[in-house]
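S.K.: Please see the structure below; I have some questions.
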Amino acid sequence: MPAGLNRALLTLAGAVVAIVLAIAVCSVAIVAAGGDPLHALTAFFDFGASERAQSNSVATLFNRAVPLFIAGLAVAVGFRMNLFNIGVEGQYRIAAICAAYVGSTFVAPAPIQIAVIIIVAMVAGGLYALIPAIMKVTRGVNEVIATIMLNYIALNITAYLVRGPFAGTRAEGELTVSTPPLPDSGMFPDLNFLFGWFGMLAPTREGGLWGFLVVAIVLGVVLWVVLERTRFGFDVKASGLNQSAALAAGVNPKRMVIAAMVLSGAIAGLIGLPEILGSTGSFGTTFTSGLGFLGIAVALLGRNKPVGIAVAALLFAFLDRAQGALQFANIPPSVVEIIQGAIVLLVVVANEVTNRFALRLEERRAARQLKVTA
Amino acid sequence: MTRIGKYHLALIGVAALLLLMSLVRVVTGQNDITSSGTFSAALTLAVPLALVGLGGLWAERAGVVNIGLEGMMVLGTWFAGWAGYQWGPVAALVAGLLGGALGGLLHAIATVSFGVDHIISGVAINLLGPGVTRFLSEVLYREGTAAAEAGGAITTSPPISPPAPERSLPLLSDGPDLLGRLESTHWFLLSDVAGILRGLTHNVNVLVILAVLLLPLTFYVLWRTPFGLRLRSVGENPWAAESLGVNVYRIKYIAVMISGAFAGLGGVFLVFVSTKYVEGQTQGRGFIGLAAMIFGNWRPGGLAVGAGLFGYADGLQLRSSGAITSVLLFGALLLLGYLVMQARKLMSSELDARTARQYTVMAFAALGMIVLFWLWLTVDRLPDELVNITPHVLTLLVLLVASQRLRMPKADGVTYRRGEQH
Amino acid sequence: ACGGGGGSTATDEPAGGASSPASGLKVGLAFDVGGRGDKSFNDAAYAGLEKAKTDLGAEIKELSPAADGSNRGDLLRQLADAGYNPIIGVGFAYAEDVKAAAAEYPDIEFAIVDSASSAPNVTGLLFAEEQGSYLAGVAAAAKSESGHVGFVGGVENDLIRKFEAGFDAGVKSVKADAKIDVTYLTPDGDFSGFQAPDKGKIAAEKMFQDGADIVYHAAGDSGLGVFQAAAAAGKKAIGVDSDQRQTVTETNLQSVIMTSMLKRVDVGVFEFIKAFQGGAKGGQDVTYDLKVDGVGLATTGGEIDDIKDQLDKAKQDIVNGTIKVPSQPES
Amino acid sequence: MSADTLATARPAVELEGITKRFPGVVANHDIRITVRPGTVHAIVGENGAGKSTLMKILYGMQRPDEGTIKVNGEQMAFRTPSDAIAAGIGMVHQHFMLADNFTVLENIVLGAEPRKGLRLDTAAARRRITELAATHGLRVDPDRLVEDLGVGDRQRVEILKVLYRGARILILDEPTAVLVPQEVEELFQNLRELKSEGLTVIFISHKLDEVLDIADEITVIRRGTTVASVDPREVTARRLAELMVGSELPTPETRESTVTDTVALKVAGLTMEAGGHRPVPKGTSVRLYADKLRQDGKRLLLDDVSFEIHKGEILGIAGVEGNGQSELIEAIMGIRQAHGSVELDGRDISSWSTLRRRESGIGYIPEDRHRQGLLLEASLWENRVLGHQTRRPARKGPWIDRKAAKADTERIIGEYDVRTPGVETLALALSGGNQQKLIVGREMSGEPSFLIAAHPTRGVDVGAQAAIWDHLRDARAAGLAVLLISADLDELIGLSDTIQVIYRGRLVAALDPSDITPERLGGYMTGAIAGTEEE
Ligand SMILES: Nc1ncnc2c1ncn2[C@@H]1O[C@H](COP(=O)(O)OP(=O)(O)OP(=O)(O)O)[C@@H](O)[C@H]1O
Ligand SMILES: Nc1ncnc2c1ncn2[C@@H]1O[C@H](COP(=O)(O)OP(=O)(O)OP(=O)(O)O)[C@@H](O)[C@H]1O
Ligand SMILES: [Mg+2]
Ligand SMILES: [Mg+2]
């Protein structure tokens, strides 16, 4: 439809402008720091000298993008219903440790082993998200507070589990704690062969290009279909756009809150798996945290739509990857955080501006039509 | 119920709580439950939450949701440290305020002028705050700089000198320290009251006094002055305000910048306590403060209660994990009280007023009570990880029990544009 | 082992290949979370690196991981790809990543601080914190009038628990009936415990109020709060990692730091680089204990000079094995 | 008096060639109006004619693209409402402009607060308000929360707001839309009062008889321009209507009854307490429980409401807004819980969910389309799906059948003459009237057996009104049972087969529309006439 296309193009243009502006902002900062913005810019695109370094960097980029993407999806589900699930952080932590531990307790053929691990993760995440959902529908507890508190609680529970009940054996002199390692059948096969297609060396980095990428893509597609094409998706959209209209249309708000929250949590449960099934094979001291919060930024940047979230995740991953390269160029790597913050802010500002512009266009078209018909 | 009635009820509640606490203390011998140490710790931990919460209050009363408090608080800490080590605590105070206000300004530009979704803007500021401060540290505190000579480093500023002064109540909690003496006798109730009072009055940072004053001040300004009326009207119905010639944009800007300034002030307090900026010292207090504000139903009094509760629990768990186990007994006694009240209600009310629901609730309460008692008797030391989460669990429990008639400002989070009411 | 934000600073600008001496030695080092400027663990490692630059004419590069530490392994790889050899990972958190990187780059020598060797081209640089802490415990017990001391740990992980274990044993060795308060600020995995001076202060205050007169901390920046509490209570404290009586700038705090348990990461790093230049190969651990003065007590301020004999005795017993110091607290 | 002599000298308001363009719309084009002081000047025109826009311009809320504004002879350039207020202009808006959980006092003084030092001087404000209220006969309690007030009271608060600022020129945009005749009469008394004190009133209404009643002069606006300025003494309502739209003014005249004797909807003992639904304790009947509540002095939003609607019957519910209509509707829709029973086609649906009720053939035209009827930021076809998401054509298994939904939206657009570029257009781009037509079309589709129509033509211009009325009649003829709620008494009397009056949550009278005048009906609605059953 032309109207939609119009809007899409405008949005794109706005985003590009915003990113350029964000880069400009950082250039100022870098100059202030006595650095050379051009150095920084090249650093972002410097994927290393050797072919091997380059394919490793590419793998790193995608391996970072995958969890960010899933985190973004998890947040987006709640957000499309105006449910602000800050609790993704805690949900994926709980889910990760449960999945890692359960997966380590038995050995089965790879497909079954991995399927079980994934299911456990989703169930654990969903159940942990069910807590604030139930508190909200039964006692009207604000989900923002509840999830904030539950994040801290999850952090401590996992710390307790990984040191206590779920602790694995450790080599002499090793100070990191972690759950028992997964059997090989629990490790997700990598996608290094893809590099061959592009005439690149296969990445040598541990785990290579994580196979969980496939799951993420499938998840994204499925979620898109669910949200854009199904009845449930329509109910979510309606509840998000106009609560009371949805209620009058027969959408049960309580059920929707629970469904959306649990779905969000279930997806959140997958955030930790790429890392665990991809390389570490266990949940431990060095498990990556904070993805839940980054997920909020990614989701909002991607306007709560799977495609947008994918783009946002890749953008964030691209920026994160440069942490090392920037330091080689003697640029403080904290510019990455500044750029990320600036981009989020500027992109949404651009969105607002372009949106209003698109709306005006729409009205104008409507009015023109009216003149014709009337 | 009349205002007076409420007021008396509150007093009775506090008295009952005190009684219960000192009872638990005597039974368990956990003096920390009401020791002055615990309460000064509680104060130290509650004040930053209260300040951040106030920040949230000012913004949301003017209809702007502020999830970016954390980022603004970070800015506050950094600027306080940066100015403090060079020009002393007063400069730290001012710089911290301005730093936070700067974050507020950014939030205002995004949400008020550009109509960006308030939460997105807040999240962005939470990314920017730590990023910018880290960047500034890397530029200004790298070794070779004057700051580094003065003891600064990338993760810490040089100490602010002189440190912020502290005050005590003469006689009562200082010098002869009568309260201290009374407390150390560990008499029933008396010592508890003394302990609490001393904790709240002994060696308190001047900023604590300021912060405590800011709560009633905020109430006065928002609920008793014309400016406050306008500010709240902007949060309730900006279009009505606009139609009466109130400059909605200006008020929102002012409110959000004050909000940022308060968050910054919370940061300043942290810097004063640790006498320097330490990277990451805000520890997510921006979020907890926001929670405390919602907990307090968007009102200064409730906010203070929320912050106090959290601060107390946090202080207690830091000081003695043993005292936390006695919280189990505390809970058991509370449930007992509840059961007694329910039972008396049932006796009095005529048959048909009893519903199955009441009975089930009571059954659960009784069960909970027994379980808690049992835990208290058997468990002598909880694992540290579980002790750590006491404040968070407690907050959730209170929210679950307390009736949820929270009423947020009607136009909170709504993007307002001049001349386009709906 | 101290937490903090992400990133690192850009130092040694001139140290591009051009200005670097012809030794051809290119040493890469990856910090633990927090990076440069923690005035403690990471800075100690950097001191060793810089010494290598000046004494051995090495070209050096140091990188800091992101705040969430998610890119530790990649930093090692980037150093390797940039031709740095040897490469040092600072902190036990690098255990897995160094192991992986070592497998990927078999002809590059790696070292990891605080963790055991996991491959033929990995050298484990271990420190006997428990031994140093033992001495700290002895000093505390000997100096304590009340027979009541305390320990504040930043994060309850096994590294910090080593400190506690040694301290505990040391105190008991002098006063078997001594009372020892122990508090950890945050659980494992939550590194904010290294950045919370206010909480450190509250924890220490409690100990002093209960009658402790010396508190030993292994809590990074949170130790600052311990010193403040000591100053306020007119009691003493024991620092950690570096000689904090020198690194802490507040004069009122310097005076309360009775001593500090030195952990000579700088020595470990420098010695490793020197050995590498001498053609040494990895595959084994080098333990920096009392014997080689890899750990020890700082004497700045001379507050423990009077118990020097007692300390030396304890040290001797440990060195010649008559005393075995536990590396994990019982219970 | 001197005011008059001065008045004859200079007009209170002079609008010269005002033009205002909105994206795609010319709201006002070269408008010229002259308002003499001390008069009531009416402005009439269909929806979207540009009345509100013009007034917003005069009140400084929007800036004209062209044209000049003169107040008392002086040229003005209003930037904000405060400029207009300073110039002695006050405006009562089409939609209430009140902060619900503020007190009346707070709402009135906002923006012009009396101070005592830094403090808001509530004592002085209260004095001033009670005094104003007394002099103009506008009784209000300054300390009540606005959310507890009825529409009449709110209207008075709005007027007091204006007077409090010492305005000499009052703009009233559709003030009577929500009032019953008695309240309207009261309001007009106040206006005449004000007029006699030399104040000037600009008055907007769709109800032409009222306009003729109160106005000294009338300006007609069509498509954003002034088409005529007439003297009420020399013009009839019909003539006015023709000036407005250039067409006949349709009135909903009653037709031969199509009422059958099969009951479609049966409501019995519907009771709803204020402050949250509580289950009836075991062993007590709804009646006993309700009695108990009344004894305890509990306010009942719905008090033992019972009625039947037969197939082919339109039951009109008359009542002043806030007397329980909304609660009644929402109880029948299952949106709010209530005691008592609701039967549809003989089946007890009291325990059913809203969705199931809709699925079993209840259509629902909500009273506030923007709040309950539409997803403004969604396309028209998605709005078509709303409420029908579980039924054909919108649904196919777990999927939303987009093609079918769009096709059916096209049908509605055709049958109901919804003016729109297409089905992908966002709902917010449509005028209120067209939005309303879409909703009616949607709720009529899928052959409902029972329809709730709340203010089906509110804010809709005469053309659209006629169309909607016809659709309702046709459906009724086809055996549809309708529960009609409307503040427009002509509409109510014209369409209904039976009229029930709701007052304080009770049905107080059942009336026969064929022999009732709006005035008498208003009497019942305001409780002036006690309920006397006539059948
Ligand atoms: N804020 C706005 N933005 C864009 N267009 C607007 C706006 N306000 C009004 N319009 C346009 O101006 C025209 C006049 O609107 P206005 O509200 O003045 O009509 P009205 O005469 O008050 O209608 P009603 O009788 O329903 O109140 C409308 O048709 C609409 O298209
Ligand atoms: N802010 C706005 N932006 C765009 N169009 C607007 C705006 N405000 C009003 N309109 C349009 O102006 C027209 C008439 O304005 P008005 O507000 O009087 O609507 P209406 O016909 O009275 O319907 P309603 O009773 O729902 O307001 C409608 O098309 C409405 O959509
Ligand atoms: Mg209008
Ligand atoms: Mg209208």
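Heads up: the protein sequence lines correspond to chains Y, D, G and X, in order.
Counting from 1 along the first sequence, just add 25 to a position and that's the residue number in our numbering.
Counting from 1 along the second sequence, just add 8 to a position and that's the residue number in our numbering.
Counting from 1 along the third sequence, just add 5 to a position and that's the residue number in our numbering.
Counting from 1 along the fourth sequence, just add 155 to a position and that's the residue number in our numbering.
All C-beta atoms, glycine included, are put in the ideal place defined by N, C-alpha and C.
1. Between the C-alpha atoms of aspartate 314 of chain G and glycine 317 of chain Y, what's the straight-line distance to the nearest angstrom?
2. Taking Cβ-Cβ distances shorter than 7 angstroms, what residues in chain B pair up with phenylalanine 312 of chain Y?
3. Considering Cα atoms alone, identify which of D:Val35, D:Ile168 and D:Ala271 is closest to alanine 100 of chain D.
4. For the stretch 632-681 of chain X, list the beta strand (DSSP E) runs that are entirely contained and at least 3 residues long, ordered along the chain.
5. Using beta carbons (cut-off 7 angstroms, strictly below), is glycine 366 of chain Y in contact with chain D?
6. Which residue comes first and which comes last in the alpha helix (DSSP H) that contains glycine 245 of chain X?
7. Closest to phenylalanine 223 of chain Y by CA distance: which of Y:Ala33, Y:Phe69 and Y:Ser80 is it?
8. Along the chain, where does the alpha helix (DSSP H) containing methionine 301 of chain D start, and where does it finish?
9. My understanding is that methionine 263 of chain G touches alanine 234 of chain G, with C-beta atoms under 8 angstroms, so please give their C-beta distance in whole angstroms.
10. Determine the closest residue to valine 287 of chain Y out of Y:Val373, Y:Pro157, Y:Ala96 and Y:Gly297, with distance taken between C-alpha atoms.
11. Any beta carbon of chain Y sitting closer than 7 angstroms to that of phenylalanine 199 of chain G?
12. Note down, one range per segment and in chain order, each beta strand (DSSP E) of at least 3 residues found wholly within the stretch 181-220 of chain X.
13. By how many angstroms is the C-alpha of histidine 291 of chain X removed from the C-alpha of glutamate 348 of chain X?
14. Quick check: what's the CA-CA separation for tyrosine 126 of chain Y versus serine 307 of chain Y?
15. Does the distance from the CB of isoleucine 92 of chain G to the CB of leucine 84 of chain G come in under 7 angstroms?
16. Taking only three categories from DSSP, how would you classify alanine 217 of chain G?
17. Give the residues of chain G in contact with serine 328 of chain D, contact being defined as C-beta atoms less than 8 angstroms apart.
18. The beta strand (DSSP E) spanning methionine 263 of chain G covers which residue range?
19. Run through DSSP, which three-state label would glycine 222 of chain X get?
20. Please confirm if the stretch 50-61 of chain D is in contact with the stretch 266-274 of chain D, defined as three or more CB-CB distances below 8 angstroms between the two stretches.
21. Checking contacts by CB at 7 angstroms: is methionine 286 of chain Y closer than that to chain D?
22. Please list the residues of the stretch 254-269 of chain X that have a C-beta atom closer than 7 angstroms to any C-beta atom in chain D, keeping them in chain order.
23. What in chain Y is Cβ-close to arginine 218 of chain X, meaning under 8 angstroms?
24. Give me, in chain order, the residues of the same chain whose beta-carbon lies closer than 6 angstroms to that of threonine 310 of chain Y; leave out the 5 immediate sequence neighbours on both sides.
25. Mind listing which residues of the stretch 138-153 of chain Y have their C-beta closer than 8 angstroms to chain X's C-betas, in chain order?
26. Could you give the distance in angstroms between the alpha-carbon of glycine 577 of chain X and the alpha-carbon of lysine 262 of chain Y?
27. Would the beta-carbon of leucine 395 of chain X fall within 7 angstroms of that of leucine 363 of chain X?
28. Hey, could you find the ends of the alpha helix (DSSP H) methionine 80 of chain D is sitting in?
29. Can you tell me whether phenylalanine 338 of chain D is buried or exposed? The criterion is at least 16 other CB atoms within 10 Å of its CB, across all chains shown.
30. Just the C-alpha distance for alanine 87 of chain G and isoleucine 65 of chain G, rounded to the nearest angstrom, thanks.
31. Examine chain Y for any beta-carbon lying closer than 7 angstroms to the beta-carbon of proline 91 of chain G, and answer yes or no.
32. Consider the C-beta atom of phenylalanine 259 of chain Y and the heavy atoms of ligand 6; say whether any pair is separated by less than 6 angstroms.
33. If you follow the alpha helix (DSSP H) that histidine 494 of chain X is part of, which residue opens it and which one closes it?
34. For glycine 431 of chain X, which option in X:His465, X:Arg388, X:Met488 and X:Glu482 has the closest C-alpha, if you only look at C-alpha atoms?
35. Can you find the residues in the same chain that come closer than 8 angstroms, C-beta to C-beta, to proline 206 of chain Y, ignoring five residues on each side of it along the sequence?
36. Check each candidate in D:Ser121, D:Ser48 and D:Val401 and name the one with the smallest Cα separation from arginine 258 of chain D.
M.R.: Looking at the atomic coordinates:
1. Taking the straight line from one Cα to the other gives about 55 angstroms.
2. Absence of chain B from the displayed structure is noted, the protein chains being Y, D, G and X.
3. D:Ile168
4. 636-640, 653-658 and 661-666
5. yes
6. Careful: glycine 245 of chain X lies outside any alpha helix (DSSP H), inside the beta strand (DSSP E) at 244-247.
7. Y:Ser80
8. 293-303
9. Contact flag wrong, Cβ pair sits at about 14 angstroms.
10. Y:Pro157
11. No, because no Cβ of chain Y sits closer than 7 angstroms to the Cβ of phenylalanine 199 of chain G.
12. Within the stretch 181-220 of chain X, the complete beta strand (DSSP E) runs of at least 3 residues are 195-199.
13. 7 angstroms
14. Rounded to whole angstroms, the separation of the alpha carbons of serine 307 of chain Y and tyrosine 126 of chain Y is 8 angstroms.
15. Yes, they are a contact pair.
16. coil
17. Against serine 328 of chain D, the close residues of chain G are Lys211, in the order they occur along the chain (beta-carbon pairs closer than 8 angstroms).
18. 262-268
19. strand
20. yes
21. no
22. Correct list: Ala254, Asp255, Asn256, Phe257, Glu261, Leu265, Gly266 and Glu268.
23. In chain order: nothing, as chain Y lies at least about 17 angstroms away.
24. Thr201 and Val202
25. For the stretch 138-153 of chain Y, which is checked against every Cβ of chain X, not one residue is closer than 8 angstroms.
26. 21 angstroms
27. Less than 7 angstroms divides the Cβ of leucine 395 of chain X from the Cβ of leucine 363 of chain X.
28. 77-116
29. buried
30. Using only the alpha carbons, I get a separation of about 12 angstroms.
31. no
32. By its list of ligands, the structure shown excludes ligand 6, since it contains just ligand 1, ligand 2, ligand 3 and ligand 4.
33. No alpha helix (DSSP H) contains histidine 494 of chain X, which is instead part of the beta strand (DSSP E) from 494-499.
34. Closest in alpha carbon position to glycine 431 of chain X, among X:His465, X:Arg388, X:Met488 and X:Glu482, is X:Glu482.
35. Ser129, Gly193, Gly306 and Ser307
36. D:Ser121
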